[in-house]
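Some notes on the structure that comes next.
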Amino acid sequence: MTYHPELEFASSAERLKTLANLVELALYAPEGEVTFEGRAALQRAAREIVILADEVTGVVGIVPN
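So in UniProt numbering, spot 47 of the sequence shown is number 47, and the numbers just go up one at a time.
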């Protein structure tokens, strides 16, 4: 099987975009609309965003400004 790094990048970038959109929608949800389970899912999404950002940018962890 041939390795195509551009496809892996696109996959990570697309997942990152999807998760970021999900978190943005939750931020605009009316107060009380996000359940406890939803909050847990958002926390998992936030962790995955950090991991995917590392993959996409090549920078590991959060770098201070």
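Backbone N, C-alpha and C define an ideal beta-carbon position, used for all residues, glycine too. Note that the structure is a prediction, hence the values are computed from the model and not measured.
Only buried fits Leu52, as 16 or more other CB atoms lie within 10 angstroms of its CB. The residues Leu52, in chain order, have a CB closer than 6 angstroms to that of Arg15 in the same chain once the five nearest residues on each side in sequence are set aside. For Val59 and Thr35, the gap between their C-alpha atoms comes out near 33 angstroms. A Cβ-Cβ distance of about 5 angstroms is found for the pair Val56 and Ala13, placing them in contact under the 8 angstroms criterion. Pairing Thr18 with Glu33, the inter-Cα distance amounts to about 20 angstroms.
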